[in-house]
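Participant: Oh and the sequence shown: position 545 is 548 in my numbering, straight run, nothing missing. Glycine included, every Cβ here is placed at the ideal spot set by N, Cα and C. None of the values given here were measured: they were computed from a predicted structure. Here it is: the structure, laid out below.
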Amino acid sequence: MAVAAMPDRPRGGRRLPDGVAQDGVRRDRRRSVAERGRHHAPLRTGRAERRRSAVVRGNSYARQGAAGGALLAHLGQRLGHPRLARGSRGRAAQSGSKLLGRPGPCDFAEGLGDRRPRRPFPGLSGRQRPSGQRTRLQERDSADDHRPSGYTRLRDLPAGAGRRHQMRICFICNDYPPGPHGGIGTMTQVLGRALAAARAEVRVIGTYGPDYAAPDRHTDGAIKVWRLREGSGRLGWIRARLALWRQVSRWAHAGEIDIIEVPDYQGVAAGWRKLPVPVVCRLHGSSTYFAAEMNQRIDGISRRIEGESLRRADAWVSVSRYTAERTRSLFGLKTDAAAILYNPVETGQPGEPGGVRGRRVVFSGTLVEKKGVIPLVEAWPTVRQRVPEAELHIYGKDGRHGGQSMRAHLESLLAEGVRESVVFHGHVTRAEIFEALATAGAAVFPSYAEAFAVAPLEAMTCGVPTIYSTRGSGPELLRDGVEGLLVDPGQPAMIADAIVRILTDPVLARSLGEAGRARVLEAFSMKAILPQNLRFYEETIARFRRG
């Protein structure tokens with residue numbers, strides 16, 4: 004870069020004799036140093052670049068603030084909260100920036116001597132860039148061009164090709180183990196561990212309550228886990244969501260991740276701006292989906308937020324065909340392009356077929372109405388009457404029913420002579436559940452609503468004769484009378500008959516256990532499902548980069 008000639012005047016303004024500098028050194032020597040530009044030019048260039056990049060970053064943070072503020076304004080109007088319901092877009096941006104803790108476009112410039120609030124480049128909108136300016140991703144790709152010849156970028160790979168470049172995946176999960184978790188947390192951990200074993204770089208981040216029993220940051224093997232705590236008050240969860248967006252956006256713009264996966268539940272991606280990496284929404288079953296399945300009132304705010312999150316996604320993947328069709332119908336989505344990737348299960352667990360099976364019946368899952376635990380308990384007195392030595396073991400964290408504990412409600416349904424045969428174990432680890440399944444005579448999951456349940460898969464992989472539901476995706480998992488039994492959760496008598504059949508017919512029990520395990524190994528094992536997920540991620544990234 005050319006550098007201006009050195010001035011003839013010192014700072015005081017006194018003119019020196021021709022060819023003599025202020026310190027007595029001849030001016031032609033100083034000019035030769037300046038002309039070479041080895042010392043002065045980099046310093047001047049660095050200052051200019053720092054000022055320009057600071058203004059660009061400030062403008063980017065202001066846009067993020069506007070996105071967060073727009074979400075706050077929408078929620079404020081829906082909730083009737085005057086403090087949130089800002090009237091103007093500028094105020095919304097100000098609120099979003101304040102909650103994000105990010106400065107505006109002029110705050111960075113003030114520290115560099117430029118106090119004028121201005122756009123990063125006159126005449127350009129915030130999204131446009133001069134032709135000479137490169138993004139961080141472009142700089143990273145440029146740096147890739149100088150790597151050794153054996154290095155291959157993911158974007159240059161055909162789908163399914165072997166690669167030396169690590170795929171970098173970010174999962175959004177709000178119930179990642181080891182704390183209390185549901186099916187989404189379990190599946191995120193199972194799939195994440197398999198991806199990490201396949202040399203992918205996996206990180207998990209989510210928002211959690213202040214009392215969630217797990218550290219804020221830790222590693223699960225090769226998986227890095229971040230937990231952002233929700234503050235107290237009505238705005239605590241909103242602050243946590245904005246902090247989540249800020250962190251994910253920072254990773255995406257820094258080129259640290261290649262793809263982001265969010266669940267449809269709770270509409271995590273609602274209000275997100277466009278990112279330089281694709282956002283995939285996996286349909287595990289939204290709150291709107293489960294409310295519709297249970298014939299309950301659908302909350303309007305939840306439905307809108309979850310719908311916005313679905314429409315924000317760059318691609319969809321569903322854990323079952325039924326869930327994909329039902330979600331598309333509920334939210335009025337105008338595409339059927341969702342990929343179907345069933346939940347995988349880890350095989351090789353204890354409880355191989357041929358082991359000693361007793362009269363213990365196992366249920367595992369959160370104690371909520373949609374899991375069908377109420378009709379199961381209602382059917383249990385009939386089972387005890389026909390099989391007096393039978394025991395029902397219930398594993399899972401407690402839920403709510405009618406304002407009280409679900410466990411307390413279930414205990415109230417049991418008569419005195421039957422109550423001692425039902426054991427509530429509460430929340431336990433997956434290892435403890437597999438240990439219980441190793442000697443179980445039957446596993447029962449009479450769910451009213453599921454996307455694609457994990458618990459029946461775990462029971463079937465242990466060779467346990469499994470009873471599942473005729474509703475939802477049940478028929479996609481197993482064939483009635485072949486790999487298991489399907490029952491209507493609305494008929495407790497049907498549930499009792501299925502349990503008694505398995506406990507009193509060893510030949511049927513063994514046949515169902517062996518066929519169920521074979522079904523899982525063939526269609527739902529990690530060996531079968533992992534390549535499908537990798538291919539889906541690669542194709543989504545390639546399609547997103549092609550535009």
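1. Between Gln-169 and the rest of its own chain, which residues show a CB-CB distance below 7 Å, the 5 nearest in sequence each way excluded?
2. Are the segment 413 to 428 and the segment 382 to 396 in contact at 8 Å, needing three or more beta carbon pairs?
3. If you run the structure through DSSP and keep just helix, strand and coil, what is Lys-227?
4. My guess is that Arg-196 and Ile-172 are in contact by the Cβ rule of under 8 Å, so how many angstroms apart are they, rounded?
5. Under three-state DSSP, which class holds Gln-299?
6. Where do the ends of the alpha helix (DSSP H) carrying Glu-394 lie?
7. Going by C-alpha to C-alpha distance, which of Phe-455, Gly-444 and Asn-536 sits closest to Pro-509?
8. So, with DSSP's three-state summary, where would you put Tyr-211?
9. If we count Cβ pairs, one from each stretch, closer than 8 Å, do we get three or more for the segment 337 to 351 versus the segment 523 to 534?
10. Using 8 Å for Cβ pairs, my map puts Phe-366 next to Val-457. What's the rounded Cβ distance?
11. Can you tell me where the alpha helix (DSSP H) with Ile-260 in it begins and where it stops?
12. Assign Ile-304 to one of two classes, buried (16 or more other C-beta atoms within 10 Å of its C-beta) or exposed (fewer than that).
13. Could you give the DSSP three-state label for Ser-408: helix, strand or coil?
14. Are the beta-carbon atoms belonging to Pro-449 and Ile-498 less than 8 Å from one another?
15. Mind checking which residues open and close the alpha helix (DSSP H) that includes Thr-464?
16. What first and last residue would you give for the alpha helix (DSSP H) that runs through Arg-422?
17. Can you tell me whether Ser-472 is helix, strand or coil according to DSSP?
18. Please report the residue range of the beta strand (DSSP E) in which Arg-329 lies.
19. Please work out which residues of its chain come closer than 8 Å, Cβ to Cβ, to Pro-378, disregarding the five sequence neighbours upstream and downstream, and give them in chain order.
20. Express the C-alpha separation of Ala-257 and Ile-397 in angstroms, rounding to a whole number.
21. Based on DSSP bridge pairs, tell me the residues matched to Ala-217.
22. Which one or two residues does DSSP pair with Leu-489 in a beta bridge?
23. Taking only the alpha-carbon atoms, compute the straight-line gap between Phe-539 and Gly-477 and give it to the nearest angstrom.
24. Go through its chain and collect everything with a Cβ distance to Ala-439's Cβ below 7 Å, but skip five positions before and after it.
25. Do three or more CB pairs link the segment 173 to 186 to the segment 239 to 255 at distances below 8 Å?
26. Keeping to the same chain, check which residues put their C-beta closer than 6 Å to that of Arg-549; ignore five residues upstream and five downstream.
27. In terms of alpha-carbon separation, which member of Arg-285, Thr-464 and Ala-411 lies closest to Ile-343?
28. On the three-state DSSP scale, how would you describe Tyr-540?
29. Can you tell me the Cα-Cα spacing of Arg-433 and Ala-526, whole angstroms?
30. Below 8 Å on the Cβ atoms is my contact criterion, and I expect Val-228 with Val-207 to pass it. Report the Cβ-Cβ distance as a whole number of Å.
31. Below 6 Å CB to CB, which residues in the same chain sit around Phe-368 once its five sequence neighbours on both sides are set aside?
Facilitator: Reading from the atomic positions:
1. Taking the first residue of the sequence shown as position 1, residue 169 is located at position 166. So the list reads Arg-202, Ala-203 and Glu-204, once near-sequence residues are dropped.
2. Result yes; three or more Cβ-Cβ pairs closer than 8 Å.
3. For this step, residue 227 is matched to residue 224 along the sequence shown. Lys-227 falls in the strand class under three-state DSSP.
4. The residue you call residue 196 lines up with position 193 of the sequence shown. The residue you call residue 172 lines up with position 169 of the sequence shown. Not confirmed; about 12 Å, so no contact.
5. Indexing the sequence shown from 1 puts residue 299 at position 296. Gln-299: coil per DSSP, three-state reduction.
6. To locate residue 394, count along the sequence shown from 1; it is residue 391. From DSSP, Glu-394 is part of no alpha helix (DSSP H) but of the beta strand (DSSP E) over 394 to 398.
7. Residue numbering aside, residue 509 sits at position 506 when the sequence shown is read from its first letter. Per the Cα distances, Gly-444.
8. Looking up residue 211 in the sequence shown gives position 208. Residue state, collapsed to three classes: strand.
9. yes
10. Position 363 of the sequence shown, counted from the start, is the residue given in the question as residue 366. Position 454 of the sequence shown, counted from the start, is the residue given in the question as residue 457. The pair is not a contact, with the Cβ atoms about 13 Å apart (cut-off 8 Å).
11. Reading the sequence shown from its first residue, position 257 is the one you call residue 260. From DSSP, Ile-260 is part of no alpha helix (DSSP H); its letter is neither H nor E.
12. To locate residue 304, count along the sequence shown from 1; it is residue 301. Exposed.
13. Here residue 408 corresponds to residue number 405 of the sequence shown, with the count starting at 1. Correct three-state label for Ser-408: strand.
14. As a first step, residue 449 is located in the sequence shown; it is residue number 446 there, counting from the start. As a first step, residue 498 is located in the sequence shown; it is residue number 495 there, counting from the start. A contact, by the Cβ cut-off of 8 Å.
15. The sequence position of residue 464 within the sequence shown is 461, counting from 1. Counting along the chain, the alpha helix (DSSP H) containing Thr-464 begins and ends at 458 to 464.
16. As a working note, residue 422 is residue 419 in the sequence shown. Residues 419 to 422.
17. Working through the sequence shown from its first residue, we reach residue 472 at position 469. Here Ser-472 sits in strand by DSSP.
18. Locating residue 329 in the sequence shown gives position 326, where the first residue counts as 1. Counting along the chain, Arg-329 falls outside any beta strand (DSSP E), though it belongs to the alpha helix (DSSP H) covering 324 to 334.
19. Working through the sequence shown from its first residue, we reach residue 378 at position 375. Pro-449, Pro-492, Gly-493, Gln-494, Pro-495 and Ile-498.
20. Walking along the sequence shown from the start, residue 397 turns up at place 394. Walking along the sequence shown from the start, residue 257 turns up at place 254. In a straight line, the C-alpha of Ile-397 is about 46 Å away from that of Ala-257.
21. Taking the sequence shown and counting its residues from 1, the one referred to as residue 217 is at position 214. Note: Ala-217 sits in no beta bridge, so no partner.
22. Translated into the one-based positions of the sequence shown, residue 489 becomes position 486. DSSP lists Tyr-471 as partners of Leu-489.
23. One-based indexing of the sequence shown puts residue 539 at position 536. One-based indexing of the sequence shown puts residue 477 at position 474. Taking the straight line joining both Cα atoms gives about 24 Å.
24. Locating residue 439 in the sequence shown gives position 436, counting from the first residue. So the list reads Val-365, His-396 and Tyr-398, once near-sequence residues are dropped.
25. yes
26. Within the sequence shown, numbered from 1, the residue matching residue 549 stands at position 546. Taken in chain order, the list of residues that qualify is empty.
27. Position 340 of the sequence shown, counted from the first residue, corresponds to residue 343. Taking only the C-alpha atoms, the option nearest Ile-343 is Arg-285.
28. The sequence position of residue 540 within the sequence shown is 537, counting from 1. In this structure, Tyr-540 counts as helix in the three-state DSSP scheme.
29. The residue you call residue 433 lines up with position 430 of the sequence shown. The residue you call residue 526 lines up with position 523 of the sequence shown. Straight-line Cα distance between these residues: approximately 22 Å.
30. Residue mapping note: residue 228 aligns to position 225 of the sequence shown, counting from 1. Residue mapping note: residue 207 aligns to position 204 of the sequence shown, counting from 1. Val-228 to Val-207, Cβ: 5 Å. Contact.
31. For the purposes of this step, residue 368 is taken as residue 365 along the sequence shown, with counting starting at 1. According to the sequence shown, residue 368 is Gly rather than Phe. Excluding residues within five positions, the ones whose Cβ falls inside 6 Å are Lys-374, Gly-399 and Ala-458.
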